[in-house]
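Working notes, beginning with the structure itself.
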Amino acid sequence: MQIQFWGAARSVTGSMHLLSVNGHKLLLDCGLCQGRRKEAFERNRNLPFDAREIDAVILSHAHMDHSGNLPSLLKAGFTGPIYATSATRDLDAYMLLDSAHIQESDVAYVNKRRARQGKRLFEPLYTRQDAMETLTHFTSVEYGRPFEPVLGVQAHFRDAGHILGSASVVIDVNEQGRQRRLVFSGDIGRKGLPILRHPQVVENADYVIMESTYGNRFHESTGEAKEVLRQAALQVYDRRGKLIIPAFAVGRTQELAYRLDQLWEEGQLPPIDVFVDSPLAVNVTEVFRLHPECYDDETLKALLNESDRDPLGFKNMRYIRDVEGSKRLNELKTPAIIISASGMCEAGRILHHLKNNVEDPRTTVLFVGYQAEHTLGRKLLEGQDPVSIFGEEYRVRAQVRRAEGYSAHADRNELLSWAARTQSQGDLKRIFLVHGEEEGLLALAEGLRDQGAPQVDVPERGQAFEL
Ligand SMILES: [Zn+2]
33 MQIQFWGAAR SVTGSMHLLS VNGHKLLLDC GLCQGRRKEA FERNRNLPFD
83 AREIDAVILS HAHMDHSGNL PSLLKAGFTG PIYATSATRD LDAYMLLDSA
133 HIQESDVAYV NKRRARQGKR LFEPLYTRQD AMETLTHFTS VEYGRPFEPV
183 LGVQAHFRDA GHILGSASVV IDVNEQGRQR RLVFSGDIGR KGLPILRHPQ
233 VVENADYVIM ESTYGNRFHE STGEAKEVLR QAALQVYDRR GKLIIPAFAV
283 GRTQELAYRL DQLWEEGQLP PIDVFVDSPL AVNVTEVFRL HPECYDDETL
333 KALLNESDRD PLGFKNMRYI RDVEGSKRLN ELKTPAIIIS ASGMCEAGRI
383 LHHLKNNVED PRTTVLFVGY QAEHTLGRKL LEGQDPVSIF GEEYRVRAQV
433 RRAEGYSAHA DRNELLSWAA RTQSQGDLKR IFLVHGEEEG LLALAEGLRD
483 QGAPQVDVPE RGQAFEL
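Position in the sequence shown (from 1) plus 32 gives the number in this note's numbering.
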């Protein structure tokens, strides 16, 4: 078999790995590349292989950097099945449509100005119609259920504990009687995330493709993260400003709601309005309700309990679906917390909130998730001033803060422990590190070697390995 790394190779976005076995081609993930806009767009549009030759796709989870470029794959001629857990499929139903909508409306917004300037108009990467078409290719498979994506390959999903439906993909390959097991970790979650179970490890792995997002970093405890949130809320309340929290609609938004609700119940939150400005977040919360098979014991218990506490219901929070409601937030004179997507400030309504508030010194922008290189989120975190939003420059007078304890990704210790447990349960031969920036990848590779891992590789984009 051959594995070729086409995305999230020495970077964190655009997860996409091509597996060739017995003359068949399998794609692991098909994520959107994010970062420098033009470069990312070109890379997303021009796939590095012939999409018509791909027999099937296996998805680790619904985050857009793992599944968001599927419509481009279909546009390029892919006709096969897309295997995913049913929770991933249901999340993607909303997320792919949302992604298409964002791309259409961002392009429309930019085109309006380009038309005035007499410049050539842009095309969206894909449309809602393309996203709808993609959904008809999904085949749902629950955790632990074996499936045969191509002849000679048996696969199944294990819980990765990262977001609802997230999985590590276990691939058992039989080539001329030779049996080997390849494990693609997907994004590895953490113990103690609300709602979800702990990440599982896989026994008898021969090869592992492993994520490394926080390969060189340690998370704050979730307690500290909650304290940062409390302080930021108090601060904007006193200054009568706004607390803007860029967050992905899936996972992080529900976790923030859960924590804000906790603070409110404990009497630690001032009487401040909280808005989740994302139609997607409303839909996604409904998807959470449909998938108790993904819950941890605590959430299941709370759900089955007769008390009126709803583990997925968030009091004191208003969800905004329509554009008019979103625009009204601009005129709001009272202090407020606004949670909006996208989490790395690359697209969506968050751009409008930043545009309207980043020049106001009463504003605090609080980052609760990973910010990839070259994204607006990363630029703000690194103190760039001015920043460009929709092609115009804005001075950064807002305070920019970060709370890392909210991560849905394992940190360095948790990654090392996941790898050590995997290695202890079999005869592991090789680890490929993906989904990290150079420093994190190299630091994790060193950590793995120090704890006695076998061969560790950090593939470059396009690099192929015969196994
Ligand atoms: Zn993810």
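Positions of the beta carbon are idealized from the N, C-alpha and C atoms, including for glycine.
Legend entry - C-alpha distance - R502 paired with T254, whole-angstrom precision: The requested residue 502 is not part of the displayed model; the chain covers only 33 to 499.
Legend entry - Residues of its chain near R433, where Cβ-Cβ distance is below 8 Å and the 5 sequence neighbours each way are ignored: Along the sequence shown, one-based indexing puts residue 433 at 401. Result list for R433: V260, A264, T396, V397, L398 and F399, in chain order.
Inset, instruction - Label N78 either buried or exposed according to how many other C-beta atoms from any shown protein chain fall within 10 Å of its C-beta, with 16 as the threshold for buried. - result: Here residue 78 is taken as the residue at index 46 of the sequence shown, counted from 1. Classification for N78: exposed.
Inset, instruction - Quick one: give me the first and last residue of the alpha helix (DSSP H) that I382 is part of. - result: Translated into positions along the sequence shown, residue 382 becomes position 350. Boundaries of the alpha helix (DSSP H) around I382: R381 to N389.
Legend entry - When N337, L102, D309 and G437 are compared against V116, the one with the closest alpha-carbon: For the purposes of this step, residue 116 is taken as the residue at position 84 of the sequence shown. The residue you asked about is not Val; residue 116 is Ala in the sequence shown. The shortest Cα separation from A116 among N337, L102, D309 and G437 belongs to L102.
Inset, instruction - Output yes or no for whether 7 Å exceeds the beta carbon distance between R271 and R394. - result: Here residue 271 refers to the residue found at position 239 of the sequence shown. Here residue 394 refers to the residue found at position 362 of the sequence shown. The beta carbons of R271 and R394 sit closer together than 7 Å.
Inset, instruction - Can you give me the Cβ contacts of P311 inside the same chain, cut-off strictly under 7 Å, excluding the 5 residues immediately before and after it? - result: Mapped onto the sequence shown, residue 311 falls at position 279. Same-chain partners within the cutoff: R353.
Legend entry - Residue environment, N389, which counts as buried when at least 16 other CB atoms sit within 10 Å: Position 357 of the sequence shown, counted from the start, is the residue given in the question as residue 389. So N389 counts as buried.
Legend entry - Residues of its chain near R190, where Cβ-Cβ distance is below 7 Å and the 5 sequence neighbours each way are ignored: Counting from one through the sequence shown, the residue named residue 190 turns up at place 158. Answer for R190: Y175, A199, S200, V202, Q232 and V234, listed in chain order.
Inset, instruction - Assess, as a yes-or-no matter, whether the region 442-458 is touched by the region 155-173 under the definition of 3 or more beta carbon pairs within less than 8 Å. - result: Taking a cut-off of 8 Å for Cβ pairs, the region 155-173 and the region 442-458 do not touch, as fewer than three such pairs fall below it.
Legend entry - Residues near H323 by beta carbon distance below 8 Å, same chain, minus five either side: Start at 1 with the first residue of the sequence shown, and residue 323 comes out as number 291. So the qualifying residues of the chain are S118, A119, D122, L196 and G197.
Inset, instruction - Pair every Cβ in the region 367-383 with every Cβ in the region 402-419, then say whether three or more of these pairs are closer than 8 Å. - result: Verdict: yes, contact present.
Legend entry - N206, DSSP secondary structure in three states: Position 174 of the sequence shown, counted from the start, is the residue given in the question as residue 206. Of the three classes helix, strand and coil, the one that applies to N206 here is strand, per DSSP.
Inset, instruction - Determine the DSSP secondary structure at L460, reduced to helix, strand or coil. - result: Position 428 of the sequence shown, counting from 1, holds the residue named residue 460. Residue state, collapsed to three classes: coil.
Inset, instruction - Can you say whether Q483 is buried or exposed, counting buried as having 16 or more other CB atoms within 10 angstroms of its CB? - result: Translated into positions along the sequence shown, residue 483 becomes position 451. Flag for Q483 reads exposed.
Legend entry - Residue nearest to E424 in terms of C-alpha spacing, selected from Y351, D328, L480 and E391: One-based indexing of the sequence shown puts residue 424 at position 392. For E424, the nearest C-alpha among the options comes from E391.
Legend entry - H95 beta carbon near ligand 1 (any heavy atom closer than 6 Å): Residue mapping note: residue 95 aligns to position 63 of the sequence shown, counting from 1. Result yes, Cβ under 6 Å from ligand 1.
Legend entry - Limits of the unbroken beta strand (DSSP E) element including Y115: Sequence index remark: in the sequence shown, residue 115 carries index 83 (1-based). Per DSSP, Y115 is one residue of the beta strand (DSSP E) stretching across I114 to A116.
Inset, instruction - Return the CA-CA distance between R222 and E446, expressed in angstroms with no decimal places. - result: Within the sequence shown, the letter at position 190 stands for residue 222. Within the sequence shown, the letter at position 414 stands for residue 446. Roughly 7 Å between the two C-alpha positions.
Inset, instruction - With DSSP collapsed to three states, give me the class of V306. - result: What you label residue 306 is simply residue 274 of the sequence shown in a count that begins at 1. Here DSSP, grouped into helix, strand and coil, assigns V306 to strand.
Inset, instruction - Could you tell me if N54 is buried or exposed, where buried requires 16 or more neighbouring beta carbons within 10 angstroms of its beta carbon? - result: Indexing the sequence shown from 1 puts residue 54 at position 22. The residue in question, N54, is exposed, as its Cβ has fewer than 16 Cβ neighbours within 10 Å.
Inset, instruction - Check whether the Cβ of D219 lies closer than 6 Å to any heavy atom of ligand 1, and answer yes or no. - result: In the sequence shown, the residue the question calls residue 219 occupies position 187. Yes - ligand 1 has a heavy atom lying nearer than 6 Å to the Cβ of D219.
Legend entry - R68 (DSSP reduced to helix, strand or coil): Your numbering for residue 68 matches position 36 in the sequence shown. Assignment of R68 by DSSP, reduced to helix, strand and coil, places it in the coil class.
Legend entry - Closest by C-alpha distance to A27, when choosing among H93, K70, E469 and V139: Missing from the structure shown is residue 27; the chain here goes from 33 to 499 and no further.
Legend entry - beta strand (DSSP E) runs contained entirely in the region 392-428, provided each spans 3 or more residues: With a minimum length of 3 residues, the continuous beta strand (DSSP E) runs that stay inside the region 392-428 are 396-399, 419-421 and 424-426.
Inset, instruction - Would you mind working out which of A187, A313 and Y426 sits nearest A281, comparing C-alpha positions? - result: The residue you call residue 281 lines up with position 249 of the sequence shown. Sorting A187, A313 and Y426 by C-alpha distance to the C-alpha of A281 places A313 at the top.
Legend entry - Length of the line joining the Cα atoms of R160 and R148: Here residue 160 refers to the residue found at position 128 of the sequence shown. Here residue 148 refers to the residue found at position 116 of the sequence shown. Computed Cα separation, rounded: 26 Å.
Legend entry - Boundaries of the alpha helix (DSSP H) in which M96 is found, first to last residue: Within the sequence shown, the letter at position 64 stands for residue 96. Unbroken alpha helix (DSSP H) run through M96: M96 to S99.
Inset, instruction - Output the boundary residues of the beta strand (DSSP E) element that contains D191. - result: In the sequence shown, residue 191 corresponds to position 159, counting from 1. Per DSSP, D191 belongs to the beta strand (DSSP E) from V185 to D191.
Legend entry - Residues that DSSP places opposite Y126 in a beta bridge: Position 94 of the sequence shown holds residue 126. Answer is none; Y126 lacks a bridge partner.
Inset, instruction - Name the one or two DSSP bridge partners that M519 has. - result: Limits of the chain in this structure are 33 at one end and 499 at the other, which puts residue 519 out of reach.
Legend entry - For Y269, the first and last residue of its enclosing alpha helix (DSSP H): By one-based count along the sequence shown, residue 269 stands at place 237. Run containing Y269: T254 to R271, per the alpha helix (DSSP H) assignment.
Inset, instruction - Give the secondary structure of D489 by DSSP, where H, G and I count as helix, E and B as strand, and everything else as coil. - result: Locating residue 489 in the sequence shown gives position 457, where the first residue counts as 1. The answer is strand: DSSP assigns D489 an E or B state.
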